[in-house]
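In the working numbering, the protein residues as written are 24 to 265.
Yeah, the Cβ is synthetic: ideal placement off N, Cα and C, and Gly gets one too.
Each remark here refers to the structure printed beneath this line.
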Amino acid sequence: MKVLILPDEQAAVDRAADIVARTVRDAPDAVLGLATGGTMLPLYETLAQRHAAGDVSFARTVSFNLDEYIGLPPEHPCSYHSYMREAFFDRVDIDPSRTHLPRGDAPDPQAAARDYEAAIERAGGIDLQLLGIGRNGHIGFNEPTASLGSRTRIKTLTDSTRQANRRYFDSFDETPRYAITMGVATILASRACLLLATGAAKADAVARMVEGPLSAACPASALQLHAKATVVLDREAAGALE
Ligand code: F6R
Numbered sequence: 024m025k026v027l028i029l030p031d032e033q034a035a036v037d038r039a040a041d042i043v044a045r046t047v048r049d050a051p052d053a054v055l056g057l058a059t060g061g062t063m064l065p066l067y068e069t070l071a072q073r074h075a076a077g078d079v080s081f082a083r084t085v086s087f088n089l090d091e092y093i094g095l096p097p098e099h100p101c102s103y104h105s106y107m108r109e110a111f112f113d114r115v116d117i118d119p120s121r122t123h124l125p126r127g128d129a130p131d132p133q134a135a136a137r138d139y140e141a142a143i144e145r146a147g148g149i150d151l152q153l154l155g156i157g158r159n160g161h162i163g164f165n166e167p168t169a170s171l172g173s174r175t176r177i178k179t180l181t182d183s184t185r186q187a188n189r190r191y192f193d194s195f196d197e198t199p200r201y202a203i204t205m206g207v208a209t210i211l212a213s214r215a216c217l218l219l220a221t222g223a224a225k226a227d228a229v230a231r232m233v234e235g236p237l238s239a240a241c242p243a244s245a246l247q248l249h250a251k252a253t254v255v256l257d258r259e260a261a262g263a264l265e
């Protein structure tokens, strides 16, 4: 695991954007695994600015997002489909037909999860998987105790994750309880992983991921097994590292 510690959030975001842009420049038809959440917003903003400046094109890029809430249709304003359109897809030249997110409103979510895994395989697997980290060490929506061998499936969200996501919904009650998420093994099958974490609230989870025992108690620690995992941090997120 390569750990890069940058002086502040924008420097960390710029470094992560460099890695994404280089991947797409080297292989214009690269398959990107994408993440949502607050941490990714400045990264998508930076990539959209670089695209507007003519520095990077996503015209031939294929994308697969990590996760989606169960029960939310793509047009719901709090769905990750909406997030991705607003934060990234509508701001760059990516072909919408090459973008993929799990369907949270599928009539048979288990079948949708299996189909999603098959679609990733048909695309030739993921070249670069973007990741954030939850305060409890989750990646995607693989909450603590998630099987390290898991593939795309339905997961129950912990109360701590629902509390963290509650800010996007009208009430805690309306905050979704379930998500469809790539599994830990799906993530580990990517040819490269890039995890971005910023801010002091992530410091403990980052320390458990990088220095803690490899354990399902901290699903992000599974990245210790990955041959090409890069962790980009600002100083605050790196604050609990030895
Ligand atoms: C979202 C996702 C989650 C987030 C994590 C951090 O697609 O995969 O694992 O990356 O919950 O979220 P923020 O960045 O909002 O702290």
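Residue span of the alpha helix (DSSP H) that contains residue i, given as start and end
i	result
E91	Per DSSP, E91 belongs to no alpha helix (DSSP H); it is in the beta strand (DSSP E), D90 to Y92.
R145	P132 to R145
D257	Careful: D257 lies outside any alpha helix (DSSP H), inside the beta strand (DSSP E) at A252 to D257.
T184	D182 to N188
I210	V207 to L211
T69	M63 to A75
A226	A226 to E234
R34	It should be pointed out that residue 34 corresponds to Ala in this sequence rather than to Arg. E32 to D49 is the span of the alpha helix (DSSP H), which, as asked, contains A34.
Assumed close pair residue i, residue j - CB separation to whole angstroms, cut-off 8 Å
i	j	result
A44	R73	6 Å
L171	L217	In fact, because the Cβ distance is near 19 Å, the residues do not count as touching under 8 Å.
I162	I210	6 Å
T62	L219	6 Å
L29	L151	Actually they are not in contact, since the Cβ atoms of L29 and L151 sit about 19 Å apart, beyond 8 Å.
E32	D257	5 Å
A146	V85	5 Å
A230	L264	6 Å
L66	A40	6 Å
F164	D90	5 Å
F87	I117	About 12 Å; that fails the 8 Å criterion.
A58	G148	A58 to G148, Cβ: 17 Å. No contact.
A76	R158	That belief does not hold up - the Cβ atoms of A76 and R158 are roughly 34 Å apart, past 8 Å.
G222	E259	5 Å
P132	I203	6 Å
Y92	S105	In fact, because the Cβ distance is near 11 Å, the residues do not count as touching under 8 Å.
A243	M232	4 Å
V36	T69	5 Å
Q247	M24	6 Å
A142	H123	6 Å
Terminal residues of the beta strand (DSSP E) in which residue i lies
i	result
Y201	Y201 to T204
Q247	Careful: Q247 lies outside any beta strand (DSSP E) and carries neither H nor E.
L153	L151 to L154
I177	R176 to T179
A220	C216 to A220
L55	V54 to L57
L29	K25 to L29
*Contact between the segment 118-131 and the segment 87-107: three or more CB pairs below 8 Å?*
Taking 8 Å as the limit for Cβ pairs, the verdict is that the segment 87-107 does touch the segment 118-131.
*Mind the definition here: the segment 109-121 touches the segment 170-184 only if three or more C-beta pairs lie below 8 Å; say whether that holds.*
No: fewer than three Cβ pairs fall under 8 Å.
*Could you give the uninterrupted runs of the alpha helix (DSSP H) lying entirely in the segment 79-116, keeping only those of 4 residues or more?*
Counting only runs of 4 or more, we get 103-110.
*Take every Cβ of the segment 198-206, pair it with every Cβ of the segment 224-241, and state whether three or more of those distances are shorter than 8 Å.*
Contact fails: fewer than three Cβ-Cβ distances are below 8 Å.
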